[in-house]
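Everything on this sheet refers to the single structure shown next.
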Amino acid sequence: MQAYLIKNLKDYEGQQVTLQGWASNRRDSKGIYFIILRDGTGWCQCVVSAESVSEEVFNECKKITTETSIIITGTVTKDEKQMGGFEVQATDVQIIAVADEYPVSKKEHGVDFLMDNRHLWLRSQRQWAIMKIRNQIIFSIHQFFQKEGFIQMDAPLFTGNACEGTSNLFETDFYGDTAYLSQSGQLYGEAMAFAMGKIYTFGPTFRAEKSKTRRHLSEFWMIEPEMVFFDIFQNMDLIESFLREVVSNVLTNCKAELAMVGRDTTVLEQIIKPFPRLSYDEAVRIIKGEQDVNGQNSIKSLEDELKQVEAKMEEINKEIVEREEKIKTPGMKKGEIGFNQAKIDKLKQELKDLEEVTRNIPGWLNSARNFEYGNDFGGSDETVLTRLFDVPVMVYNWPHEVKAFYLKRDPDNSKFARGVDVLAPEGYGEIVGGGERETDTDLLIEKIKEHQLPMEAFEWYLDLRRYGSVPHAGFGLGLERLVTWICKLPHVRESIPFPRMYGRLLP
RNA sequence: UCCUUGGUAGCUCAGCUGGUUAGAGCACAUGACUGUUAAUCAUGGGGUCGCUGGUUCGAGUCCAGCCCAGGGAGCCA
29 MQAYLIKNLK DYEGQQVTLQ GWASNRRDSK GIYFIILRDG TGWCQCVVSA
79 ESVSEEVFNE CKKITTETSI IITGTVTKDE KQMGGFEVQA TDVQIIAVAD
129 EYPVSKKEHG VDFLMDNRHL WLRSQRQWAI MKIRNQIIFS IHQFFQKEGF
179 IQMDAPLFTG NACEGTSNLF ETDFYGDTAY LSQSGQLYGE AMAFAMGKIY
229 TFGPTFRAEK SKTRRHLSEF WMIEPEMVFF DIFQNMDLIE SFLREVVSNV
279 LTNCKAELAM VGRDTTVLEQ IIKPFPRLSY DEAVRIIKGE QDVNGQNSIK
329 SLEDELKQVE AKMEEINKEI VEREEKIKTP GMKKGEIGFN QAKIDKLKQE
379 LKDLEEVTRN IPGWLNSARN FEYGNDFGGS DETVLTRLFD VPVMVYNWPH
429 EVKAFYLKRD PDNSKFARGV DVLAPEGYGE IVGGGERETD TDLLIEKIKE
479 HQLPMEAFEW YLDLRRYGSV PHAGFGLGLE RLVTWICKLP HVRESIPFPR
529 MYGRLLP
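Numbered by our numbering, the letters in the first sequence go through residues 29 to 535 in order.
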């Protein structure tokens with residue numbers, strides 16, 4: 029028996045096919061069953077009528093609960109109403125395993141419940157689409173770097189020391205010694221670049237931050253290219269063409285998936301425009317509202333948004349009251365009451381989200397107005413800045429005190445380090461951090477001491493400067509943050525199959 | 001770690017200034033209906049009101065502590 033895939037049904041119109049998968053939904057009337065079959069490549073309605081299958085098979089169909097695995101044979105017919113445009117008129121149905129009562133229903137669920145059922149949640153359409161887009165992004169990343177002559181390398185995950193010092197690391201036992209789970213493969217990438225020229229790492233990294241925000245994971249995947257004979261400007265050129273190509277690939281190859289997650293692609297299509305390059309000084313002026321962007325002021329637009337949200341909340345409140353009145357009118361059909369009740373529930377949820385926004389914006393406004401020159405950007409500062417743009421923004425030349433020890437001091441102004449952060453638009457914030465590396469051995473040693481890092485652990489790294497130092501640069505891209513922005517997800521946790529974050533180790 | 005919001009049926013929620021036997025929708029089960037798109041309609045089972053203690057004649061409701069979760073800050077990709 030040859031099995032067919034739902035995604036290819038269009039090639040078999042009028043022909044008989046056999047599909048194997050799971051029943052994601054079943055409806056029935058007298059003498060007819062409608063089964064939505066899911067096979068991993070798509071969804072398709074299969075019609076089982078009493079006339080076209082044996083009585084025995086028809087009676088068996090009663091057992092098909094949500095997520096029961098089945099094999100269906102039937103004829104492909106065109107039906108514009110169906111997703112995918114085709115349905116299958118079944119001639120035979122075979123049950124493989126009847127599923128127990130399935131916990132994930134079509135109704136809305138809370139985040140905690142969905143996360144507890146992540147292993148099942150992945151089967152639903154929206155999550156399926158996100159994972160397909162993630163896959164396309166991963167593929168495009170490899171494609172881009174391989175095409176550009178980069179060698180992929182794997183950095184170690186056990187490290188003997190805190191690489192950058194600042195973040196909290198996960199400790200583990202390594203044959204009696206304390207080892208840390210890697211928070212970056214960059215230093216190893218630099219070493220490899222001196223052997224290969226251009227390299228990129230693609231692997232997991234670990235941060236033990238007790239952060240509970242929409243941007244943080246404890247375990248996430250990072251791509252870290254490193255290029256010899258590169259300065260910060262060549263680095264920015266590379267980042268720009270890299271992100272442009274990945275986003276373009278998703279746009280051309282994942283149209284259906286982007287539609288499934290409800291992504292408005294007009295913003296993504298702006299990716300062909302040049303990315304603004306702002307110096308730290310300029311970015312700070314914009315955040316503080318001292319400089320406008322395309323006639324937009326950060327402070328004012330945030331204040332306007334607050335007003336808009338408040339107006340919207342009033343509107344929603346009005347609609348809720350109206351619908352609640354409507355439900356009470358006597359003689360209303362049960363179906364209509366249910367419809368209105370569902371609408372009210374949805375509006376109330378929306379209201380809760382907006383309330384959250386009104387609680388957050390004043391804090392962001394406050395932090396933007398009082399931003400202290402010389403500090404690193406916080407999450408809210410990135411939000412305030414990137415809300416004003418529709419393409420990624422590059423901020424470069426940072427005060428050297430707030431950045432990592434290995435960044436090159438700017439030759440024109442020693443206050444600055446040649447780091448660059450790429451911030452995703454629409455309020456998403458940092459997706460890339462990178463820069464040109466320090467080549468001055470003495471300055472590096474000084475920096476390592478300043479950051480109170482154990483010198484002996486960095487001797488091998490200093491060797492890279494001692495034996496034929498060259499200018500070089502690189503960057504690190506957070507895969508999940510890129511997926512989150514491209515899909516416009518409300519939280520990073522949906523961008524990875526099984527998120528690991530503070531308080532979440534299962535499933 | 002801090003600020004903030006919440007925890008009531010398998011799920012999503014309602015439950016007013018404390019007061020009889022704690023409710024709805026969905027899901028599930030049974031039945032009706034030959035084209036449904038979260039199908040519809042009828043009937044039914046289903047609860048340690050997060051935990052512990054306190055106030056009270058009486059606590060889902062008030063108070064305290066703890067636990068868990070959402071959002072944010074710090075830190076970061």
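Here a beta-carbon is modelled for each residue, glycine too, at the ideal position from N, C-alpha and C. Source: prediction; values computed, not measured.
If I'm right that residue 399 touches residue 426 with Cβ under 8 Å, what's the distance once you round it to whole angstroms?
Taking the first residue of the first sequence as 1, we reach residue 399 at position 371. Taking the first residue of the first sequence as 1, we reach residue 426 at position 398. Incorrect: roughly 14 Å between the Cβ atoms, too far for contact.
Distance between residue 428 and residue 325 (C-alpha atoms, nearest Å):
One-based indexing of the first sequence puts residue 325 at position 297. One-based indexing of the first sequence puts residue 428 at position 400. So the alpha carbons of these two residues sit roughly 28 Å apart.
Counting pairs of Cβ atoms below 8 Å between the region 40-50 and the region 93-102, do you hit three or more?
In this structure the region 40-50 lies against the region 93-102, because at least three pairs of beta carbons, one per stretch, are closer than 8 Å.
What do you get for residue 483, buried or exposed, if any count of 16 or more other CB atoms within 10 angstroms of its CB means buried?
Counting from one through the first sequence, the residue named residue 483 turns up at place 455. With fewer than 16 other Cβ atoms within 10 Å, it is exposed.
Using the rule of at least 16 other Cβ atoms within 10 Å of the residue's Cβ for burial, across every protein chain shown, is residue 56 buried or exposed?
Position 28 of the first sequence, counted from the first residue, corresponds to residue 56. Exposed: under 16 other Cβ atoms inside 10 Å.
Where residue 437 sits in the DSSP three-state scheme:
Walking along the first sequence from the start, residue 437 turns up at place 409. Residue state for residue 437 is assigned as strand, using DSSP reduced to three classes.
Contacts around residue 127, its chain only, beta-carbon distance under 6 Å, and the 5 residues preceding and following it disregarded:
Taking the first sequence and counting its residues from 1, the one referred to as residue 127 is at position 99. Result list for residue 127: 93, 95 and 96, in chain order.
Only counting the same chain, and skipping five residues up and downstream in sequence, which positions put a Cβ closer than 7 Å to that of residue 283?
Numbered from its first residue, the first sequence carries residue 283 at position 255. Closer than 7 Å at Cβ, skipping near neighbours: no residue.
Just mark residue 317 as buried or exposed, buried being the case when its beta carbon has 16 or more other beta carbons within 10 Å.
Residue 317 sits at position 289 when you count from the first residue of the first sequence. By the neighbour-count criterion, in which a residue is buried when 16 or more other Cβ atoms sit within 10 angstroms of its Cβ, residue 317 is buried.
Roughly how far, in whole angstroms, is the beta-carbon of residue 392 from the beta-carbon of residue 330, given that I think they are within contact range, below 8 Å?
Working through the first sequence from its first residue, we reach residue 392 at position 364. Working through the first sequence from its first residue, we reach residue 330 at position 302. The C-beta distance from residue 392 to residue 330 rounds to 6 Å, short enough to fall under 8 Å.
Any 3 or more C-beta pairs closer than 8 Å across the region 66-76 and the region 31-40:
Yes, the region 66-76 touches the region 31-40.
Within 9 Å, strictly: CB atoms of residue 500 and residue 474
The sequence position of residue 500 within the first sequence is 472, counting from 1. The sequence position of residue 474 within the first sequence is 446, counting from 1. Cβ atoms of residue 500 and residue 474: not closer than 9 Å.
For residue 131, which of helix, strand or coil comes out of DSSP?
As a first step, residue 131 is located in the first sequence; it is residue number 103 there, counting from the start. In this structure, residue 131 counts as coil in the three-state DSSP scheme.
Could you give the DSSP three-state label for residue 264: helix, strand or coil?
Sequence index remark: in the first sequence, residue 264 carries index 236 (1-based). Looking at residue 264 - three-state DSSP - the assignment turns out to be helix.
Do you know offhand how far residue 186's Cα is from residue 302's?
On the first sequence, position 158 is the one that residue 186 refers to. On the first sequence, position 274 is the one that residue 302 refers to. If I take the Cα positions, the gap works out to 39 Å.
CA-to-CA distance, residue 497 to residue 467, given in whole angstroms
Counting from one through the first sequence, the residue named residue 467 turns up at place 439. Counting from one through the first sequence, the residue named residue 497 turns up at place 469. Separation of residue 467 and residue 497 (C-alpha to C-alpha, rounded to the nearest whole angstrom) is 7 Å.
Relative to the ligand MN, is the shortest distance from any of its heavy atoms to the C-beta of residue 58 smaller than 8 Å?
The ligand MN is not part of the structure shown, which contains no ligands of any sort.
Note the first and the last residue of the continuous beta strand (DSSP E) segment covering residue 233.
Stepping through the first sequence from its first residue, residue 233 is reached at position 205. 226-234 is the span of the beta strand (DSSP E), which, as asked, contains residue 233.
Using a Cβ distance threshold of 8 Å, determine whether the region 226-237 contacts the region 194-207, with at least three qualifying pairs required.
These segments touch.
Buried versus exposed, by CB contacts within 10 Å (16 or more), residue 377:
On the first sequence, position 349 is the one that residue 377 refers to. Classification for residue 377: exposed.
I'd like the ranges of any beta strand (DSSP E) spanning at least 3 consecutive residues and lying wholly in the region 273-351.
DSSP runs (the beta strand (DSSP E)) wholly in the region 273-351: 305-307.
I need the straight-line Cα distance from residue 110 to residue 516, nearest angstrom please.
On the first sequence, residue 110 is found 82 positions in, with the first residue counted as 1. On the first sequence, residue 516 is found 488 positions in, with the first residue counted as 1. Near 26 Å, if we compare the C-alpha coordinates of residue 516 and residue 110.
Burial state of residue 155, where buried means 16 or more other Cβ atoms lie within 10 Å
Taking the first residue of the first sequence as 1, we reach residue 155 at position 127. When all chains shown are included, residue 155 counts as buried.
Just mark residue 214 as buried or exposed, buried being the case when its beta carbon has 16 or more other beta carbons within 10 Å.
As a first step, residue 214 must be located in the first sequence, where it is residue number 186. By the Cβ-count criterion, residue 214 is buried, with 16 or more other Cβ atoms from all chains shown falling within 10 Å of its own Cβ.
Once the 5 residues before and after residue 146 are set aside, which same chain residues still bring their CB inside 7 Å of it?
Position 118 of the first sequence, counted from the first residue, corresponds to residue 146. Excluding five sequence positions before and after residue 146, the CB atoms of its chain that fall closer than 7 Å to its own CB belong to 526 and 535, given in chain order.
Secondary structure of residue 404, DSSP reduced to three states:
Counted from its first residue, the first sequence places residue 404 at position 376. It is coil, neither helix nor strand.
Skipping 5 residues on each side, what residues in its chain have a beta carbon closer than 6 Å to that of residue 408?
Position 380 of the first sequence holds residue 408. Here the set comprises 392 and 395.
Please classify residue 349 as buried or exposed, where buried requires at least 16 other C-beta atoms within 10 Å of its C-beta.
By one-based count along the first sequence, residue 349 stands at place 321. Label assigned to residue 349: exposed.
Residue 310: which of 300, 251, 402 and 132 sits nearest, CA to CA?
Counting from 1 along the first sequence, the entry for residue 310 is found at position 282. From the listed residues 300, 251, 402 and 132, the smallest Cα separation to residue 310 is found for 402.
Which runs of the alpha helix (DSSP H), 4 residues or longer, sit entirely within the region 30-103?
As summarised for the region 30-103, the continuous alpha helix (DSSP H) elements at least 4 residues long and confined to that stretch are 83-88, given in chain order.
Residue burial classification, residue 353 (beta-carbon count within 10 angstroms, cutoff 16)
Translated into the one-based positions of the first sequence, residue 353 becomes position 325. Residue environment analysis places residue 353 among the exposed positions, since fewer than 16 neighbouring C-beta atoms fall within 10 angstroms of its C-beta.
With distances taken from CA atoms, which of 518, 117 and 295 is nearest residue 241?
Your numbering for residue 241 matches position 213 in the first sequence. Ranking 518, 117 and 295 by Cα distance to residue 241 puts 518 first.
Please classify residue 441 as buried or exposed, where buried requires at least 16 other C-beta atoms within 10 Å of its C-beta.
Residue 441 sits at position 413 when you count from the first residue of the first sequence. Within 10 angstroms of the beta-carbon of residue 441 lie fewer than 16 other beta-carbons, which makes it exposed.
In the DSSP assignment, what residue or residues form a beta bridge with residue 170?
Here residue 170 refers to the residue found at position 142 of the first sequence. According to DSSP, residue 170 bridges with nothing at all.
Tell whether a beta-carbon distance below 9 Å holds between residue 244 and residue 520.
Along the first sequence, one-based indexing puts residue 244 at 216. Along the first sequence, one-based indexing puts residue 520 at 492. Cβ distance < 9 Å, so residue 244 and residue 520 count as in contact.
What residue ranges within the region 439-522 form continuous alpha helix (DSSP H) runs of no fewer than 4 residues, ordered along the chain?
Secondary structure within the region 439-522: the alpha helix (DSSP H) runs of 4 or more consecutive residues, fully enclosed, are 469-478, 487-494 and 507-515 (chain order).
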